[in-house]
């Protein structure tokens with residue numbers, strides 16, 4: 001893997017050259033990880049034309065620092081814990097006679113930026129913008145392999161839950177059990193707090209689990225994702241508790257299922273980022289849900305659970321091949337509950353079979 | 001409680017007047033919560049001489065927004081989800097003819113600050129600095145009551161764990177069980193990821209739990225804290241597994257116990273912030289642990305798990321009455337493990353009995 005990281009750094013160097021700056025200072029944790037493999041620990045990366053220098057806190061356990069992770073072409077600068085690694089990297093830029101240093105203005109606070117300017121002697125600061133985030137949009141096959149494993153873990157945890165007795169258990173307990181199961185199956189951690197909503201809480205996007213207990217006749221919405229080697233996925237399913245769903249439940253589930261399928265099927269290289277959202281939204285609106293959903297139908301996913309691109313009705317970019325995204329519409333009827341169905345998929349051309357579904361748990365309306 | 005929030009806002013208004021600015025824009029989540037009671041949701045607070053306006057995402061569940069929480073003297077500005085509430089608040093400042101608006105430069109990124117400047121017409125931006133964090137250092141008795149409950153929850157979870165069988169269980173499982181128990185006992189959530197380290201992982205400050213299983217003869221270090229109504233505590237204990245600790249374990253535990261006690265006993269109103277650290281450090285250094293600990297012995301704690309003041313060897317401020325802090329030295333011997341003992345306490349004068357211990361689990365070297 002250290003070759004892949006070196007290749008990414010080389011691309012960032014080319015970007016810097018093309019932008020007329022000598023060097024980049026990368027502070028955003030997911031970007032540092034993308035360029036070095038270093039897990040989030042407050043590290044900062046200084047990348048000049050000739051050198052790569054990772055400023056790290058000096059109290060990391062050996063398995064998180066270590067040259068074996070970083071490869072031979074990247075130096076380490078150990079910084080006392082509790083001090084800002086970006087300041088150490090900026091000082092180093094001054095010593096290395098960097099003239100123009102691009103920093104991540106969307107990541108640095110105003111105060112931290114001022115401190116960097118204060119210590120980087122003879123250095124002019126420029127804005128790197130979201131250059132690294134842009135590089136991260138299209139994933140390589142190593143990254144997609146990690147996402148596949150993350151999806152398998154989430155699917156396994158969910159399928160085990162479906163085999164257990166749910167009535168009488170609280171949302172909080174079910175959420176904690178799902179988290180534990182994902183970790184048992186090899187996840188680094190849950191990619192985000194597991195959301196379990198039952199009854200009137202079902203169908204919400206990020207419902208915080210409560211002490212409400214699952215009851216006969218409830219809709220139950222589960223939103224979960226595993227994180228594997230830093231890469232996360234997200235999936236949502238809605239089930240019904242008890243023998244037979246009510247007619248309104250069958251109808252609402254079928255509607256959201258159709259909307260989600262329309263969104264998924266709209267994915268493809270060259271397609272406008274707004275198209276999947278509009279496709280899903282049209283299905284919901286035609287059925288009279290005119291003001292939902294408020295959120296974009298999906299977004300990119302990878303080292304961050306919500307990253308570029310955004311798939312909202314006003315997003316005008318074009319989707320690329322090998323971009324993992326979520327597609328997850330939902331309808332929530334206040335006081336009654338609702339349905340949410342979400343998958344993580346990878347954009348692929350039709351010649352390769354179209355969008356690759358990573359989260360494969362059934363989307364049928366199971367009665368549990 | 002809405003009176004208490006209003007009184008806090010009035011103090012911030014006085015600070016603004018004294019600093020020669022018309023208004024403040026508060027964006028840091030813990031500061032917004034301190035001034036309004038609003039849980040973290042991306043809200044921003046605009047506070048002018050006459051008005052308080054809370055800009056909130058428009059998709060919050062009713063129990064998290066709502067005027068009942070906010071009191072009558074604070075207006076709400078609902079902002080479409082996925083847009084920045086700070087921009088909406090800054091625009092409002094322009095409409096309200098604010099001339100000088102103090103913003104939190106330590107919270108805003110350079111990019112966001114630039115966007116605020118762009119939308120706040122006719123408004124000059126100034127720096128509010130850490131004025132609200134400064135107000136938060138000394139807690140009122142309502143806040144201390146919440147911290148007491150948070151500490152009780154953590155103590156209960158820990159005492160239940162000590163009654164169960166530990167040998168053969170993994171660090172991850174024990175950590176998840178502690179988290180579940182805290183939530184069962186009424187915590188909002190764990191205040192930070194529970195750390196469980198056994199054997200060579202014991203004694204570390206923020207060890208991420210692994211699949212290592214607890215073995216006979218191990219040191220076991222647990223670092224945990226509950227969050228209750230937004231207020232968190234932190235506590236650490238180290239135990240030994242099996243019938244009888246080895247002599248080196250008894251000796252090291254006794255040493256860290258003495259260092260922690262020295263740190264605790266040094267707390268008092270008017271005492272320099274460096275004194276508890278130096279007191280604990282002296283005990284460890286006299287025993288030959290000359291390079292440990294790298295970290296300050298403690299820090300303030302409340303709406304953030306690590307907030308002002310810092311209790312490090314170079315911190316020169318004076319402690320105040322009613323400041324909750326942690327005191328938690330530790331020694332880790334690479335390859336062998338170590339001991340960490342931490343409490344959350346409230347600084348109180350001797351007339352009131354001295355430091356108030358919130359986390360009361362025994363600090364004896366229990367053999368489990």
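Residue numbers (full-length UniProt numbering), protein chains in the order written: chain E, 1 to 368; chain B, 1 to 368.
Think of the CB as a built atom: it goes at the ideal place given N, C-alpha and C, for glycine as much as any other residue.
Original post:
Between which two residues does the beta strand (DSSP E) carrying residue 85 (chain E) extend?
Top reply: For residue 85 (chain E), there is no enclosing beta strand (DSSP E); the residue is found in the alpha helix (DSSP H) stretching over 85 to 95.
Original post:
Comparing alpha-carbon positions, which option in E:133, E:263, E:84 and E:166 lies nearest residue 311 (chain E)?
Top reply: Cα-wise, what sits closest to residue 311 (chain E) is E:263.
Subject >> Simplified DSSP assignment, three categories, for residue 332 (chain E) >> reply: Note: residue 332 (chain E) maps to strand in three-state DSSP.
Original post:
Within 10 angstroms of its Cβ, does residue 357 (chain E) collect 16 or more other Cβ (buried), or is it exposed?
Top reply: Classification of residue 357 (chain E): exposed, given that the 10 Å Cβ count is below 16.
**OP:** Measure from the alpha carbon of residue 108 (chain B) to the alpha carbon of each residue in B:354, B:12, B:130 and B:270, then state which is nearest.
**Re:** Residue B:130 is the option with its Cα nearest to residue 108 (chain B).
Original post:
Do three or more CB pairs link the segment 226 to 235 of chain B to the segment 247 to 259 of chain B at distances below 8 Å?
Top reply: Verdict: no, contact absent.
Original post:
How would you label residue 198 (chain B), buried or exposed, when you count the other beta carbons within 10 angstroms and need 16 or more for buried?
Top reply: Residue 198 (chain B) is buried by the Cβ-count criterion.
Original post:
Could you give the residue range of the alpha helix (DSSP H) that holds residue 119 (chain B)?
Top reply: For residue 119 (chain B), the enclosing alpha helix (DSSP H) has its first and last residue at 110 to 119.
**OP:** Apply the 10 Å Cβ neighbour rule to residue 350 (chain B) and answer buried if 16 or more other Cβ atoms are within range, or exposed otherwise.
**Re:** Exposed.
**OP:** With a threshold of 7 Å, establish whether the CB of residue 258 (chain E) neighbours any heavy atom of the ligand GDP.
**Re:** Ligands in the displayed structure: none, and consequently the ligand GDP is not present.
**OP:** Taking C-beta pairs closer than 9 Å, name the residues in chain E that residue 107 (chain B) reaches, listed in chain order.
**Re:** Correct list: 109, 110 and 111.
Original post:
Applying a beta-carbon distance threshold of less than 9 Å, which residues of chain E neighbour residue 176 (chain B)?
Top reply: By Cβ distance, chain E contributes 176, 179, 180 and 183.
Subject >> Per-residue DSSP class, three states only, for residue 157 (chain B) >> reply: In the structure shown, residue 157 (chain B) sits in a helix (DSSP, three-state: H, G or I).
Subject >> Any C-beta of chain E under 8 Å from that of residue 82 (chain B) >> reply: With 8 Å as the cut-off, residue 82 (chain B) counts as an interface residue toward chain E.
Original post:
So which of B:301, B:53, B:314 and B:168 has the shortest CA-CA distance to residue 212 (chain B)?
Top reply: Comparing Cα-Cα distances from residue 212 (chain B) to each of B:301, B:53, B:314 and B:168, the minimum goes to B:168.
Original post:
Can you name, in chain order, every residue of its own chain whose Cβ lies under 7 Å from the Cβ of residue 348 (chain E), other than the five neighbours on each side?
Top reply: Same-chain partners within the cutoff: 321, 354, 355 and 356.
Subject >> Own chain partners of residue 270 (chain E) with C-beta closer than 6 Å, once the 5 adjacent residues on each side are dropped >> reply: Close CB contacts of residue 270 (chain E) within its chain, under the 6 Å cut and outside five residues either way in sequence, are with 318 (chain order).
Subject >> Other residues of its chain near residue 105 (chain E): CB distance less than 6 Å, five sequence neighbours each side excluded >> reply: Within the same chain, Cβ atoms closer than 6 Å to the Cβ of residue 105 (chain E) are found at 127, the five residues on either side in sequence being excluded.
Original post:
In the structure shown, what three-state DSSP assignment does residue 227 (chain B) receive?
Top reply: In the structure shown, residue 227 (chain B) adopts extended strand secondary structure according to DSSP, grouped into three states.
Original post:
How about the segment 293 to 309 of chain B and the segment 168 to 187 of chain B: do they share at least three Cβ pairs that are nearer than 8 Å?
Top reply: Counting C-beta pairs closer than 8 Å gives fewer than three between the segment 293 to 309 of chain B and the segment 168 to 187 of chain B, which falls short of the contact rule.
Original post:
Under a three-way DSSP split, which group does residue 52 (chain B) fall into?
Top reply: When DSSP states are grouped into helix, strand and coil, residue 52 (chain B) belongs to the strand group.
Subject >> Closer than 9 Å at the beta carbon, the chain E residues around residue 142 (chain B) >> reply: By Cβ distance, chain E contributes nothing, its closest Cβ being about 23 Å from residue 142 (chain B), past 9 Å.
Original post:
Which runs of the beta strand (DSSP E) spanning at least 3 residues fall entirely within the segment 172 to 256 of chain B, listed in chain order?
Top reply: If we require 3 residues or more, the beta strand (DSSP E) runs fully inside the segment 172 to 256 of chain B come out as 195 to 198, 219 to 224, 226 to 228 and 235 to 240.
Subject >> Beta-carbon proximity check, residue 40 (chain E) vs residue 49 (chain E), cutoff 8 Å >> reply: It is not a contact, given that the beta carbons lie outside the stated cut-off.
Original post:
Quick one: what does DSSP say residue 102 (chain B) is sitting in, helix, strand or coil?
Top reply: The answer is strand: DSSP assigns residue 102 (chain B) an E or B state.
Original post:
Going by beta carbon distance, what residues of the same chain come within less than 8 Å of residue 23 (chain B), once the five residues before and after it are set aside?
Top reply: Same-chain partners within the cutoff: 16, 46, 47, 48, 49, 93, 96, 98, 100, 101 and 102.
Original post:
Among the residues of its own chain, which have a CB less than 6 Å from the CB of residue 274 (chain B), if the five just before and after it don't count?
Top reply: 313 and 315.
Original post:
Cα separation between residue 205 (chain E) and residue 337 (chain B)?
Top reply: Rounded to the nearest angstrom, the two C-alpha atoms are 43 Å apart.
Subject >> residue 351 (chain E) (DSSP reduced to helix, strand or coil) >> reply: Residue state, collapsed to three classes: helix.
Subject >> Cross-chain neighbours of residue 289 (chain E) in chain B, by beta carbon under 7 Å >> reply: Residues of chain B passing the Cβ test: none, with the nearest at roughly 15 Å.
Original post:
Does residue 296 (chain B) come within less than 8 Å of chain E when only Cβ atoms are used?
Top reply: Residue contact check for residue 296 (chain B) against chain E: a CB pair falls below 8 Å.
**OP:** Return the CA-CA distance between residue 88 (chain E) and residue 122 (chain E), expressed in angstroms with no decimal places.
**Re:** C-alpha separation (whole angstroms): 15 Å.
Original post:
So is residue 237 (chain E) in contact with chain B if we call contact Cβ pairs under 8 Å?
Top reply: Answer no: the Cβ-Cβ gap between residue 237 (chain E) and chain B never drops below 8 Å.
Original post:
Applying the criterion that 16 or more other CB atoms from any shown protein chain within 10 Å of the CB defines a buried residue, is residue 207 (chain B) buried or exposed?
Top reply: With 16 or more other Cβ atoms within 10 Å, it is buried.
Subject >> Cα-Cα separation, residue 195 (chain B) to residue 30 (chain E) >> reply: Spanning the two alpha carbons is a distance of roughly 23 Å.
**OP:** Use the C-beta contact count for residue 142 (chain B): other C-beta atoms within 10 angstroms, 16 or more gives buried, fewer gives exposed.
**Re:** It counts as exposed.
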